[in-house]
Amino acid sequence: MADQSIQTVVVQLKSESGESFGTPFDIPLDINGDKLQLICNALLDNERHIPYLFFANDIQITDSLRQTIDTNRKLFDTERCLDIVCAPQAVFHVRAVSRCSSSITGHSDAVVSVQFSPDGSQLASGSGDTTVRFWDVDTETPKFTATSHKHWVLSIAWSPNGQRLASADKNGTIYIWDPKTGNQLGNALLAHKQWVNSMAWEPFHSNTECRRLASASKDCSVRIWDTVLQKVDFTINGHLQSVTCVKWGGTGLIYTASQDRTVKVWRSDTGVLCRTLEGHAHWVNTLALSTDYAIRTAVFDPAF
Numbered sequence: 001m002a003d004q005s006i007q008t009v010v011v012q013l014k015s016e017s018g019e020s021f022g023t024p025f026d027i028p029l030d031i032n033g034d035k036l037q038l039i040c041n042a043l044l045d046n047e048r049h050i051p052y053l054f055f056a057n058d059i060q061i062t063d064s065l066r067q068t069i070d071t072n073r074k075l076f077d078t079e080r081c082l083d084i085v086c087a088p089q090a091v092f093h094v095r096a097v098s099r100c101s102s103s104i105t106g107h108s109d110a111v112v113s114v115q116f117s118p119d120g121s122q123l124a125s126g127s128g129d130t131t132v133r134f135w136d137v138d139t140e141t142p143k144f145t146a147t148s149h150k151h152w153v154l155s156i157a158w159s160p161n162g163q164r165l166a167s168a169d170k171n172g173t174i175y176i177w178d179p180k181t182g183n184q185l186g187n188a189l190l191a192h193k194q195w196v197n198s199m200a201w202e203p204f205h206s207n208t209e210c211r212r213l214a215s216a217s218k219d220c221s222v223r224i225w226d227t228v229l230q231k232v233d234f235t236i237n238g239h240l241q242s243v244t245c246v247k248w249g250g251t252g253l254i255y256t257a258s259q260d261r262t263v264k265v266w267r268s269d270t271g272v273l274c275r276t277l278e279g280h281a282h283w284v285n286t287l288a289l290s291t292d293y294a295i296r297t298a299v300f301d302p303a304f
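The C-terminal residue of the sequence shown carries number 304 in full-length UniProt numbering, and the numbering is unbroken.
Shown next, in the form of structure tokens:
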């Protein structure tokens, strides 16, 4: 442990690039990170308080300087000037939501599904009035109304490149739209025998053409579509009840959830089942992938 008779140490505060902040000075060994924050901000004359992390010999000072030295005694010599590196942390200012910026009317029945375009410039909405509407987010005004559906629009999904929008209805029919014009692209995609609950596009980094789409249905199947050729590449079967959610991961895997209380993992190129995850006592209604398309459990398991 540090000699308890030693109460101070000479330090030099430095930036991550090695630039010195002022000249060396004495500080008490019992100083903590909060007090170092005050000293660093004062030395740099920061108008706004900037949070820093502090490192001595590449070891973060998480409690007091004395505790850091005691824990790593062989790395420190309190008789010499100690360099402390000050690493500024990112500051995020989040404006509070204080009011509704706009209320956009247009649909004549319940709005069931909404999704922003990848670039955030447009919003698409699917409704019980059987229409898909495109909205300009900047002007908060309607752009196009798509009217091909004959039943409630239950699910919509933007392609990762923003050049297509898929919409699916209670009849199990899927349409592909051009967001620039609001026009239908090609014919309706017909294969599902019951309504479509969820859709997911192949990630952009896996295929920059963004042409493959997965659709999950009440008919217990998941179909993988080539939206350019307008055909089913293959059908995934295995769930015993309605498939409530589908997610297309970034490592060549597709994840599906079902009312049969399971989550299943499939290979996106062949549709082969990799694993069935069991444990829920009731329907699995939704899935979420952590980070960008990496599921929290087992995606990096060598068994895959």
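In this text, a Cβ means the ideal position worked out from N, Cα and C, and glycines have one as well.
For clarity, every value in this text was computed on a predicted model and none was experimentally measured.
To which residues of the same chain is residue i closer than 6 Å at the C-beta, ignoring the five residues directly before and after it?
i: Phe21; result: Leu13, Leu43
i: Asp138; result: none
i: His239; result: Cys220, Ser258, Asp260
i: Thr131; result: Thr145, Thr147
i: Phe55; result: Val85
i: Leu165; result: Ala124, Trp158, Trp177, Pro179
i: Ser108; result: Asp129
i: Asp136; result: Lys143
i: Cys81; result: Val10, Gln12, Pro24
i: Gln111; result: The residue you asked about is not Gln; residue 111 is Val in the sequence shown. Ser125, Ser127.
i: His149; result: Thr130, Asp169
Tell me which residues share the same chain as residue i and place their Cβ nearer than 7 Å to its Cβ, disregarding the 5 neighbours each side in the sequence.
i: Arg28; result: The question names Arg, but residue 28 is Pro in the sequence shown. The residues are Gln7, Thr8.
i: Asp63; result: Asn32
i: Trp283; result: Thr244, Gln259, Arg261
i: Gln230; result: Gly186, Asn187, Leu189
i: Pro203; result: Pro160, Trp248, Gly250, Tyr293
i: Phe234; result: Ile224, Gly271
i: Ile295; result: Residue placement at Ile295 cannot be trusted, given a pLDDT of 41 that sits under 50; the coordinates are not used to answer.
i: Val162; result: Here the sequence assigns Gly to residue 162, which means Val is not the residue at that position. So the list reads Ser117, Pro118, Asp119, Pro179, once near-sequence residues are dropped.
Report the three-state DSSP secondary structure of residue i (helix, strand or coil).
i: Lys35; result: helix
i: Cys40; result: helix
i: Asp83; result: strand
i: Gln115; result: strand
i: Arg211; result: coil
i: Ile73; result: Inspection of the sequence shows that residue 73 is occupied by Arg rather than by Ile. If DSSP states are grouped into helix, strand and coil, Arg73 belongs with the helices.
i: Leu65; result: helix
i: Gln230; result: coil
i: Ala281; result: coil
i: Leu185; result: coil
i: Cys100; result: coil
i: Gln60; result: strand
i: Phe54; result: strand
i: Trp158; result: strand
i: Ser217; result: strand
i: Ala200; result: strand
i: Ser108; result: coil
i: Ser148; result: coil
i: Ser242; result: coil
For residue i, count neighbouring C-beta atoms within 10 Å of its own C-beta (all shown protein chains included) and say buried if the count is 16 or more, exposed if not.
i: Phe144; result: buried
i: Leu65; result: buried
i: Arg95; result: exposed
i: Phe134; result: buried
i: Cys210; result: buried
i: Phe25; result: exposed
i: Leu36; result: buried
i: Arg223; result: buried
i: Arg212; result: buried
i: Ser101; result: exposed
i: Ser98; result: exposed
i: Gly126; result: buried
i: Lys264; result: buried
Counting only C-beta atoms, is residue i closer than 8 Å to chain C at any point?
i: Arg164; result: Any reference to chain C falls outside this structure, which holds one protein chain only.
Residues bridged to residue i by DSSP?
i: Trp135; result: Leu123, Pro142
i: Val265; result: Tyr255, Arg275
i: Pro28; result: Thr8
i: Ser235; result: The question names Ser, but residue 235 in the sequence shown is Thr. Arg223.
i: Asp169; result: Val153
i: Ile176; result: Ala166
i: Lys14; result: Ser20, Val85
i: residue 332; result: Outside the displayed span of the chain (1 to 304) sits residue 332, for which this structure offers no information.
i: Lys247; result: Tyr255
How big is the Cα-Cα spacing for residue i and residue j?
i: Glu16; j: Gln89; result: 12 Å
i: Trp266; j: Leu253; result: 6 Å
i: Asn207; j: His151; result: 31 Å
i: Pro118; j: Ser159; result: 8 Å
i: Thr276; j: Gln184; result: 37 Å
i: Leu154; j: Ser113; result: 6 Å
i: Leu287; j: Lys247; result: 7 Å
i: Phe300; j: Val272; result: Since pLDDT at Phe300 reaches only 39, below the 50 mark, its modelled position is unreliable, and the value read off the structure follows with that caveat. If I take the Cα positions, the gap works out to 17 Å.
i: Asp30; j: Thr68; result: 10 Å
i: Trp225; j: Asn171; result: 17 Å
i: Ser268; j: Val228; result: 18 Å
i: Leu38; j: Ser242; result: 58 Å
i: Asn41; j: Leu75; result: 27 Å
i: Ile174; j: Gly182; result: 15 Å
i: Gly120; j: Trp201; result: 17 Å
i: Tyr52; j: Gly18; result: 15 Å
Please list, in chain order, all residues of the same chain as residue i whose beta carbon is under 8 Å from its beta carbon, the five residues on each side excluded.
i: Ile104; result: Trp135, Glu140, Thr141, Pro142
i: Asn72; result: Asn57, Ile59
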